[in-house]
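I have placed the structure first, in the form of structure tokens, so that the comments after it can refer back to it.
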Amino acid sequence: PSLPQRPAPSVSLTQFLIEAQRAGHVSPDLRLLIEVVARACKRISIAVGKGALGGVLGEAGSAGEASINIQGEAQKKLDVIANDVLMEANAWGGHLAGLASEEMDHSQPIPDVYPRGNYLLLFDPLDGSSNIDVNISVGTIFSVLRCPDGVTTPGDEHFLQPGTEQVCAGYTTYGPSTMLVLTVGHGTHAFTLDREIGGFVLTTRDMRIPDETKEFAVNMSNQRFWEPPMQAYVGDLLAGTEGPRGKDFNMRWVASMVADVHRILTRGGIFSYPLDSKCAAKGGKLRLMYEANPMSFLVEQAGGASSTGRQRMLEVRPTGLHQRVPVFMGSRREVETAVDYHLRHDRAA
Ligand code: P6P
2 PSLPQRPAPS VSLTQFLIEA QRAGHVSPDL RLLIEVVARA CKRISIAVGK GALGGVLGEA
62 GSAGEASINI QGEAQKKLDV IANDVLMEAN AWGGHLAGLA SEEMDHSQPI PDVYPRGNYL
122 LLFDPLDGSS NIDVNISVGT IFSVLRCPDG VTTPGDEHFL QPGTEQVCAG YTTYGPSTML
182 VLTVGHGTHA FTLDREIGGF VLTTRDMRIP DETKEFAVNM SNQRFWEPPM QAYVGDLLAG
242 TEGPRGKDFN MRWVASMVAD VHRILTRGGI FSYPLDSKCA AKGGKLRLMY EANPMSFLVE
302 QAGGASSTGR QRMLEVRPTG LHQRVPVFMG SRREVETAVD YHLRHDRAA
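In structure tokens, the structure reads:
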């Protein structure tokens with residue numbers, strides 16, 4: 002009788018990155034940076050996983066005094082913990098020149114007691130943190146850019162590069178399992194945290210988003226505030242088989258971008274946070290540099306598309322570290338359809 006098939010040996014994140022370095026897809030410094038971020042995300046996963054037992058739920062700030070970040074949002078204790086974990090983990094490695102975070106007003110060069118490297122790291126340490134207190138999945142989003150040549154002490158302006166300049170992007174979703182999803186420009190790959198060995202194991206090589214979908218993700222309570230093309234687009238989705246789209250659609254909205262986009266990377270769909278009259282003055286709700294751009298890189302590398310509704314997300318020329326944009330990302334054909342509603346509206350205007 003033939004021997005039972007041995008399961009294929011699992012590929013650790015470390016092995017995956019060494020193979021990527023051998024293939025010339027990552028430099029030794031970028032490989033180190035990704036390992037450091039992944040290790041920080043493991044620590045965040047432990048803190049998030051403790052929930053009410055960890056004494057880290059609820060608002061940050063001293064007794065009764067809420068701590069408000071530059072976004073004007075009340076910080077959760079875990080926002081601050083996650084931010085500190087990522088800052089500390091990346092200070093001494095020598096791979097970074099500077100960091101920027103949703104939780105910090107301005108970017109910070111690496112302290113000059115440490116050697117500086119050639120990369121800039123941007124992150125949203127805990128996206129969707131309003132869901133923390135109700136035990137719904139949250140995530141960490143990160144993006145890596147090159148520090149411009151000759152710049153040894155980077156300032157905010159050196160971070161303002163279009164999404165096409167990213168050399169790496171990823172997120173960690175703290176859900177039923179903790180998963181790290183990563184691209185270095187050669188596909189989008191998913192790793193699952195094996196808590197027994199304390200390491201990430203490759204579980205999906207080359208994620209692919211189906212071109213078509215029957216599932217959309219949007220916060221419908223904003224419908225009356227949307228622009229006309231968005232009203233028309235979603236109106237036709239809701240009309241289902243009786244409407245011009247000729248098929249019925251399903252809706253999902255977790256209100257954690259990482260969870261919603263992870264579902265779309267896994268089974269298709271379109272995610273949208275469009276302009277509405279409440280957020281139009283700020284340019285949108287979601288942040289370009291450390292939410293829309295990294296997620297767009299991951300989605301495009303998985304065969305999907307990402308747009309502001311009027312232009313490819315990765316080609317937006319940033320003007321501010323915390324700038325906001327409207328977002329449409331996911332199944333390529335569906336994003337193209339949503340964009341078409343906007344471009345036809347603009348042409349008719
Ligand atoms: P709303 C979370 O605060 C976040 O930044 C994204 O993760 C999420 O997609 C969106 O905002 C949810 O916004 O208006 O539905 O609460």
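Heads up: the sequence shown begins at 2 in the UniProt record's numbering, then just goes up one per residue.
For each residue, glycine too, the CB sits at the ideal point set by N, CA and C.
Given the structure is predicted, the values throughout are model-derived calculations rather than measurements.
On the criterion of 16 or more Cβ atoms from any shown chain inside 10 Å, does residue i qualify as buried, or is it exposed?
{"i": "Q312", "result": "exposed"}
{"i": "G151", "result": "exposed"}
{"i": "Y291", "result": "buried"}
{"i": "P275", "result": "buried"}
{"i": "H187", "result": "exposed"}
{"i": "Q167", "result": "buried"}
{"i": "D347", "result": "exposed"}
{"i": "A260", "result": "buried"}
{"i": "L34", "result": "buried"}
{"i": "V135", "result": "exposed"}
Looking at the unbroken alpha helix (DSSP H) that takes in residue i, where does it start and where does it end?
{"i": "R147", "result": "Note, R147: premise wrong, no alpha helix (DSSP H); beta strand (DSSP E) at V139 to R147."}
{"i": "D261", "result": "M258 to R268"}
{"i": "L34", "result": "P29 to K51"}
{"i": "L289", "result": "Taken as a continuous stretch (DSSP letters only), L289 belongs to no alpha helix (DSSP H), as it is neither H nor E."}
{"i": "P229", "result": "P229 to A240"}
{"i": "T338", "result": "R333 to A349"}
Give me the Cβ distance between residue i and residue j, rounded to the nearest whole Å; I'm assuming they're in contact under 8 Å.
{"i": "K78", "j": "L58", "result": "7 Å"}
{"i": "L122", "j": "L97", "result": "6 Å"}
{"i": "V202", "j": "H26", "result": "Between H26 and V202 the Cβ distance is about 19 Å, and since that is not below 8 Å, they are no contact."}
{"i": "L14", "j": "A39", "result": "6 Å"}
{"i": "V49", "j": "Y175", "result": "5 Å"}
Please report how far the alpha carbon of residue i lies from the alpha carbon of residue j, in whole angstroms.
{"i": "R23", "j": "T173", "result": "25 Å"}
{"i": "K248", "j": "A339", "result": "15 Å"}
{"i": "A170", "j": "E301", "result": "11 Å"}
{"i": "G156", "j": "Y115", "result": "17 Å"}
{"i": "R32", "j": "I19", "result": "8 Å"}
{"i": "F250", "j": "Q232", "result": "16 Å"}
{"i": "Y234", "j": "A282", "result": "22 Å"}
{"i": "T179", "j": "G200", "result": "11 Å"}
{"i": "L95", "j": "T320", "result": "First, the amino acid is wrong: residue 95 is Gly here, not Leu. Using only the alpha carbons, I get a separation of about 28 Å."}
{"i": "V219", "j": "M252", "result": "8 Å"}
{"i": "T193", "j": "L181", "result": "6 Å"}
{"i": "A293", "j": "V145", "result": "13 Å"}
Looking at the secondary structure, which residues open and close the beta strand (DSSP E) in which residue i lies?
{"i": "E216", "result": "E216 to A218"}
{"i": "T184", "result": "T179 to T184"}
{"i": "L14", "result": "Note, L14: premise wrong, no beta strand (DSSP E); alpha helix (DSSP H) at L14 to R23."}
By Cβ distance, which residues of its chain are closer than 7 Å to residue i, with the 5 residues on each side in sequence left out?
{"i": "Q109", "result": "G99 and L100"}
Please go through the same chain and pick out, in chain order, the residues whose beta-carbon is closer than 6 Å to the beta-carbon of residue i, but skip the five residues on each side of it.
{"i": "N84", "result": "S102, E104 and P126"}
{"i": "G331", "result": "I265, G270, I271, F272 and G305"}
Leaving aside the five residues before and after residue i along the sequence, list all residues of the same chain whose C-beta is less than 8 Å from its C-beta, in chain order.
{"i": "T242", "result": "K248 and D249"}
{"i": "G129", "result": "I137, S138, V139, G140, V255, A256, S257, M258, V259 and A260"}
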